[in-house]
Structure formats: C-alpha cells, structure tokens
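**Student:**
Residue numbers (the working numbering), protein chains in the order written: chain W, 88 to 231; chain A, 152 to 552; chain E, 4 to 143.
1) Give the single residue among 318(A), 310(A), 264(A) whose Cα lies nearest to the Cα of residue 427(A).
2) Alpha carbon to alpha carbon, what distance is there between residue 176(A) and residue 183(A)?
3) Using a C-beta cutoff of 8 Å, does residue 68(E) count as contacting chain W?
4) Quick one: give me the first and last residue of the beta strand (DSSP E) that residue 179(W) is part of.
5) Kindly indicate which three-state DSSP category residue 453(A) falls into: helix, strand or coil?
6) Restricting to runs no shorter than 4 residues, where is the alpha helix (DSSP H) found entirely within the segment 108-143 of chain E?
7) Using a beta-carbon distance cut-off of less than 7 Å, what residues from the segment 273-303 of chain A approach chain E?
8) DSSP three-state label for residue 437(A), please.
9) Is there contact between the segment 479-493 of chain A and the segment 262-270 of chain A, where contact requires at least three CB pairs shorter than 8 Å?
10) List the residues of chain E that residue 216(W) touches, going by C-beta distances under 8 Å, in chain order.
11) Going by DSSP, what residues sit across from residue 170(W) in a beta bridge?
12) Round the Cβ separation of residue 117(W) and residue 194(W) to the nearest angstrom and send it over; I've been treating them as touching at under 8 Å.
13) Tell me the start and end of each unbroken alpha helix (DSSP H) in the segment 220-274 of chain A that is at least 4 residues and wholly inside, in chain order.
14) Express the C-alpha separation of residue 165(W) and residue 258(W) in angstroms, rounding to a whole number.
15) Is the beta carbon of residue 413(A) sitting closer than 8 Å to the one on residue 341(A)?
16) Say whether chain E places a C-beta atom closer than 8 Å to the C-beta of residue 318(A).
17) To the nearest angstrom, how far is the alpha carbon of residue 42(E) from that of residue 224(A)?
18) Assign residue 216(A) to one of three DSSP states: helix, strand, or coil.
19) If you scan the segment 19-65 of chain E from start to end, which runs of the alpha helix (DSSP H) of 4 or more residues do you find wholly inside it?
20) When the Cβ atoms of the segment 224-233 of chain A are set against those of the segment 460-470 of chain A, are three or more pairs found closer than 8 Å?
21) Please confirm whether residue 48(E) and residue 89(E) have their CB atoms less than 8 Å apart.
22) Could you check whether the segment 359-369 of chain A touches the segment 330-348 of chain A, counting it as contact only if at least three pairs of C-beta atoms, one from each stretch, sit closer than 8 Å?
23) Indicate the three-state DSSP secondary structure (helix, strand or coil) for residue 369(A) in the structure shown.
24) Which residues in chain E have a C-beta closer than 7 Å to the C-beta of residue 225(W)? List them in chain order.
25) If you draw a straight line from the C-alpha of residue 509(A) to the C-alpha of residue 455(A), how long is it?
26) Residue 174(A) versus chain E: which residues are under 8 Å apart at the beta carbon?
27) Between the alpha carbons of residue 140(W) and residue 66(E), how many angstroms are there, rounded?
28) If contacts are defined as beta-carbon pairs under 8 Å, then residue 246(A) and residue 310(A) qualify, I think. What distance do you get, rounded to the angstrom?
29) In the structure shown, what three-state DSSP assignment does residue 142(W) receive?
30) Below 8 Å between beta carbons is the criterion; list the residues of the segment 33-44 of chain E that meet it against any residue of chain A, in chain order.
31) Please list, in chain order, the chain A residues whose beta carbon lies closer than 7 Å to that of residue 93(W).
32) Taking the alpha-carbon positions, what's the residue 124(E) to residue 239(A) distance?
33) Note the first and the last residue of the continuous alpha helix (DSSP H) segment covering residue 134(A).
34) If you reduce the DSSP assignment to three classes, tell me which class residue 516(A) lands in.
35) Can the beta-carbon of residue 130(W) be found less than 8 Å from the beta-carbon of residue 68(E)?
36) Taking the alpha-carbon of residue 172(W) as reference, which of 102(W), 92(W), 119(W), 91(W) has the nearest alpha-carbon?
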C-alpha cells in the first residue's frame with residue numbers, strides 16, 4: 088500500500104498552502120485555484136485515486152471548493168481545498184476533460200452556486216428546470 | 152432509418168408524459184447515443200439541512216431515498232461524528248452492532264427488491280413475485296425492531312435511537328434461517344437458467360477502465376472487476392470485527408451485476424448472524440450535546456455503492472454546509488457508455504442494472520426524428536424486452552428436443 | 004350513483020404518478036400487487052397509460068419539473084378520475100414544505116379525493132383508504 092499522501096506532498100511541496108491530517112483517513116490539502124488542475128491529474132491518473140465528489144460552499148471570503156478523492160486501498164479520503172475569492176464571477180478550470188465522471192458534479196455546482204467551469208463540455212442545467220431564473224443560485228447565502 | 156429514441160422505464164412510478172429521463176438515439180435497432188436528463192427527484196435537501204438542527208437532519212435525509220433509507224442517515228451521522236473524533240471513539244459498542252444489523256438488513260431488502268424488478272423487466276414475473284414475497288419477512292423484522300417497514304429512524308448522532316430487545320434476537324435469527332433456502336432458490340433459478348444467461352451475459356457491459364473513468368461505485372463497479380467496498384476500505388460499524396467477503400466479478404455485464412447482488416445476500420445474512428451472536432450489553436447513546444466547529448466526512452456502502460456526506464459546522468446548532476452524494480449519481484451517468492451499442496430490447500434491463508435507486512428509473516420513449524411522433528413508450532419497451540426472453544426460451548427449449 | 008361509477012367500484016384501473024418521491028410510497032404501492040396483499044383479487048389493476056385510468060395515485064412532493072406534468076396527466080385522464088394522494092409528501096409535503104424547488108402541494112395542482120397519510124403508509128392503510136373511497140362511491 089502506497090503512501091499517496093506523502094507522494095502528493097513531495098510533488099506539490101511548493102503549491103500546498105496548508106496541510107491537515109484530521110485523522111488517519113481524513114486528509115485536507117489547500118491549494119490555489121490555478122494549481123488544482125495539476126494536482127487532480129496527478130492524484131487521479133498517477134496515484135489511481137477515485138473521485139468521490141466535489142463540494143462547493145458559499146463562504147464569506149469566497150466560494151470554497153473541495154475535491155474529494157478516495158484512495159480505496161487505504162480507505163483515506165484526500166480532499167483538495169481551494170477558495171475562489173471573486174464571488175461575483177467565480178471561475179476555475181473544469182476537470183471533466185480529465186475525469187469523465189466529473190461532468191454532472193460540476194454542472195450541479197454551476198447551477199446551485201454559480202461557479203463557471205472553464206472548458207466544461209456540457210455546462211447546462213442538471214437538476215433545475217431549464218428556465219430557472221438566471222443569477223439565482225439556491226445554495227448561495229447572500230441570496231436570502 | 153434513424154429515430155430519436157427516448158426510453159421510458161417502468162410505467163409504475165414515472166410520469167407517463169415528458170419529460171424523458173433517458174433520451175436514446177437509435178439507428179435501426181441499435182442504440183448509438185444517450186442523453187440523460189435528471190432532476191425530477193430534486194427537492195433541495197442540502198439547502199433544507201442548513202435550516203435544521205443537527206438532530207432533525209436524519210429525518211429529512213432518510214427521505215432522500217426510500218430504499219436505502221438507512222444509508223443516508225448513517226453516512227450523515229458518521230460525518231458529524233467525524234468532527235467529534237470518529238465513530239469508534241464516540242459511539243457505544245452496542246450501538247455499532249445495531250447500526251450494522253440495520254444496514255445489512257437493508258441491503259437484503261434492497262437486493263431482493265432489485266431482483267424482483269429485474270425479473271419483471273426481462274419477463275420473469277414469477278421471480279418478481281417470489282423475490283418480493285420473501286422481502287416481506289425482512290420488512291416485518293424492520294417493523295419489529297424499528298417500528299416501521301421503511302424509514303427506520305435508527306441513527307442519531309452519537310448512537311442508535313432504539314435498542315434491539317432480548318426477545319427479538321431469536322426471532323431475527325429464525326427469520327434469517329428461513330430466508331436462506333429462498334436465496335438458494337433464487338441463486339439456482341437465476342444463475343443456472345440458460346435463458347437468463349443468454350439474456351444477460353454480454354449485455355450492458357461497463358468494463359473496468361470505464362468504471363474507473365466514470366467513478367462508478369458499488370455492485371456496478373464490483374461487477375466490472377473493481378475491488379472496492381467502503382465497508383472494508385474505510386470501515387465503520389463493526390465491519391472490521393466480523394468476517395465476510397467482498398464479491399467481485401470481472402465481465403462487467405448484467406449477469407455479473409446480478410451475480411454480485413445475489414452473492415452479497417449470503418454475505419449480509421452471515422454478517423447479521425455474527426452481529427447477533429456477539430451483541431454486547433450496554434448503552435446505545437453517547438448523548439452528544441454540542442457539535443464544535445469543523446468539517447467531517449462520512450461514507451457508507453449503501454446497497455448501490457458509496458454514499459458520501461460532508462458536513463461543515465461553525466459550532467452553532469445547524470450545519471453551514473451539508474453535501475450529499477448518492478451512489479446512483481455516479482452509476483447512472485455511466486449508462487452513457489453501458490447502454491450504447493445495445494439493442495432497444497435490452498435497454499430497460501441495461502438501465503435498470505445499475506440499480507438506479509428507483510427514484511431515477513424514469514421514462515424512455517422512442518420518437519421519429521423529424522415528426523416528433525412518439526413511436527414507443529415505456530410499457531412497449533418492457534414488452535419488447537419480455538418478448539426477447541420468450542424468443543430465447545423457444546429457441547433454447549426447441550434445441551433441446 | 005350512476006352506472007359508470009357503479010362499474011368502477013368493481014374494477015379499478017390505477018395509474019401511478021410519482022412527482023418526486025423518495026420512492027418508499029411507490030414501493031409500498033407496488034407491494035399491493037405482490038402475493039401478501041394481492042389487490043388484484045379486488046379487481047384493482049395497474050394501468051399502462053393515464054388514458055385507461057380510473058384512479059390517479061399521486062406520490063411525492065411536486066417540484067417545478069413534475070408539477071406541470073401532473074396537471075397535464077390529470078387533464079388527459081378520462082373523467083370521472085379519482086385522485087388519491089398517498090404518503091405524507093403528497094398530502095402536505097411534510098419536511099419539504101420549505102424547499103426552493105417545490106412550488107405548492109399536490110392538492111393545489113389537482114383536486115384530491117382521498118388522502119392516505121403515512122411515511123410511508125402501510126399497505127393495509129392504503130387498502131383501508133381505497134375501501135373508504137369505494138364505500139363513498141357506493142353511497143354508503
């Protein structure tokens with residue numbers, strides 16, 4: 088069984104802003120938005136981790152995105168965390184070209200939180216009706 | 152001649168008009184592309200959680216899906232307990248056993264339910280009736296220990312809400328003993344039937360590479376050779392204290408998906424028996440009063456695969472964020488490759504093979520491209536599937552004479 | 004009670020419309036047709052299309068995608084068509100009242116003749132409810 092966390096820390100030593108080992112099987116790594124793409128590619132393709140899902144949260148400082156990966160051999164969930172500070176127009180590069188299974192996950196975050204995923208092949212409504220009012224994102228807190 | 156095909160599955164619960172859930176594009180008899188439209192079940196549960204107290208949330212997440220109604224609350228309480236230091240450190244031992252027993256009973260009822268529906272789709276209505284008949288005693292057991300046939304309300308943060316009484320244990324044991332011959336019967340009826348083999352082998356294949364790309368989980372992934380199971384990989388409850396096997400097959404077709412589910416029935420019965428045998432005395436509730444600020448992730452192996460919950464707390468009574476990812480979310484999307492290349496008569500069983508938490512098994516219809524005239528609806532497509540089985544039966548039985 | 008309604012009480016064709024349920028009610032409705040409860044012996048059958056239905060069974064919470072469809076379905080059903088709302092969600096939305104994706108409860112979309120609350124209601128409760136409806140139709 089590989090020490091995947093060790094390998095990630097070694098490869099992205101300069102990019103990791105913060106590292107937290109909350110418990111043996113729950114690890115959190117903070118990255119800048121621009122560095123997420125390379126980290127995801129390494130974790131999925133080189134280390135063979137499985138993408139569980141991506142969580143988006145509307146925080147006062149910005150839109151926080153967590154990319155949750157599972158290393159099934161050890162049972163660890165490795166979450167890459169990043170913050171999109173521009174809440175009026177949050178953008179990040181899509182990971183769908185890398186991981187096909189991310190398509191629906193990113194569509195959902197786009198419609199519920201308003202994050203643009205650059206390069207996503209099919210960014211359209213998934214859960215909400217097609218004529219849902221534009222700019223109205225149900226999971227945004229300022230919306231209330 | 153090309154048609155725009157929209158496939159309806161099940162006249163039972165989906166609305167018979169638009170919206171189409173699965174749009175299949177066919178050329179002649181073969182499916183060449185598929186567009187999947189969801190959202191008919193979307194009720195905004197994640198947003199509702201932000202306005203509820205931590206102890207109110209198990210009730211609402213239980214109602215995400217009626218079939219895996221113990222998985223979602225279990226994954227949720229695991230996420231909150233993750234903030235508190237982890238289930239094993241927080242929850243009393245007896246409660247761990249109770250949670251595991253309920254979780255495995257749920258797996259039995261869910262797999263039997265699927266077996267029945269799959270039987271119906273390919274025209275074996277007897278399988279449907281028998282599978283659901285043997286499901287009833289399992290629901291009776293749920294009613295005995297939790298008070299309800301479905302929606303059990305057993306999980307709470309810090310333990311279990313109800314105890315299993317001493318007098319219920321022998322009743323449970325007997326019910327499991329009575330179930331075993333039925334499972335043997337299903338195994339024989341399904342696995343050894345040459346018509347079912349001809350009907351399901353080589354159909355609806357999701358191979359290992361595709362299962363990885365689409366991040367598939369559960370029996371769908373294990374049938375493709377992916378050896379993953381949250382109960383073993385990231386143990387919770389008492390799964391690391393009882394002995395059981397992860398069932399993996401390699402061909403990725405519907406026959407393998409069926410085989411995985413039937414063999415898992417045996418494992419579930421085995422796990423529950425061990426739990427009942429080793430059930431310790433003691434408290435069932437840690438009486439948690441406050442949830443500190445922090446983040447937690449909880450996941451369980453629902454009958455369909457990994458059920459993933461994430462909670463972010465700021466120390467108040469409600470979470471700031473509750474993220475829910477059901478297993479079918481990943482598996483249904485993988486139909487984009489599994490259903491392509493199949494014939495129309497195989498689509499109902501292919502789409503049903505990922506066991507799409509039934510909430511998602513919506514409708515399909517066949518349209519004529521330019522005129523938008525509906526050619527076939529779900530009822531017709533199930534009939535097509537059942538007719539194919541009949542023809543196979545005739546061919547195979549005729550050959551034996 | 005006219006002849007048409009009288010004939011209905013002997014043989015009900017039920018069309019099942021789910022508007023965004025968790026599926027528990029739907030499974031319990033299907034359960035009615037399996038060996039333990041077997042409602043077919045009362046003459047109740049499942050209809051493949053709403054145009055052949057005498058009864059529209061509604062489960063779940065209407066959301067924006069399904070509310071419109073429910074209304075269309077009711078309009079297409081030949082009258083008289085009796086609407087049965089099964090389950091807490093169809094009766095009053097219960098825990099989903101505040102959902103951003105639910106415009107209104109079922110009885111603001113179609114007129115409901117029978118409410119069977121429960122989460123989910125047991126098959127016995129559903130049968131009891133249907134008998135109440137049949138008795139009402141027979142004038143009892």
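Where a beta carbon is used, it is the ideal one built from N, C-alpha and C, also for glycine.
**Tutor:** This is what the structure gives:
1) 318(A)
2) 6 Å
3) yes
4) Its beta strand (DSSP E) spans residues 178-180.
5) Residue state, collapsed to three classes: strand.
6) 126-141
7) 280, 283, 284, 287, 300, 301, 302
8) coil
9) no
10) 67, 68
11) 151(W)
12) About 25 Å separates the beta carbons of residue 117(W) and residue 194(W), which is beyond the 8 Å limit, so they are not a contact pair.
13) Complete alpha helix (DSSP H) runs here, min 4: 222-234, 238-241, 244-272.
14) A question about residue 258(W) goes unanswered here, because the residues of chain W that appear run from 88 up to 231.
15) yes
16) No, its Cβ sits nowhere closer than 8 Å to a Cβ of chain E.
17) 33 Å
18) coil
19) 27-34
20) yes
21) Going by C-beta atoms, residue 48(E) is not nearer than 8 Å to residue 89(E).
22) no
23) Helix, per DSSP.
24) Near residue 225(W) (Cβ distances below 7 Å), the residues of chain E are 103.
25) With a pLDDT of 46 at residue 509(A), under the threshold of 50, the predicted position of this residue should be treated as unreliable, though the coordinate-derived value follows. For residue 509(A) and residue 455(A), the distance between alpha carbons rounds to 11 Å.
26) Neighbours of residue 174(A) on chain E: none; closest Cβ ~15 Å, over 8 Å.
27) 25 Å
28) 4 Å
29) strand
30) 33, 34, 37, 38, 39
31) Near residue 93(W) there are no residues of chain A at all, since even the closest Cβ is about 19 Å away, more than 7 Å.
32) 35 Å
33) Within the shown structure, residues of chain A are numbered from 152 to 552, placing residue 134(A) beyond reach of any answer.
34) Residue placement at residue 516(A) is flagged as unreliable, the pLDDT there being 42, under the threshold of 50; a coordinate-derived value is accordingly withheld.
35) no
36) Considering only 102(W), 92(W), 119(W), 91(W), the residue with the shortest C-alpha distance to residue 172(W) is 119(W).
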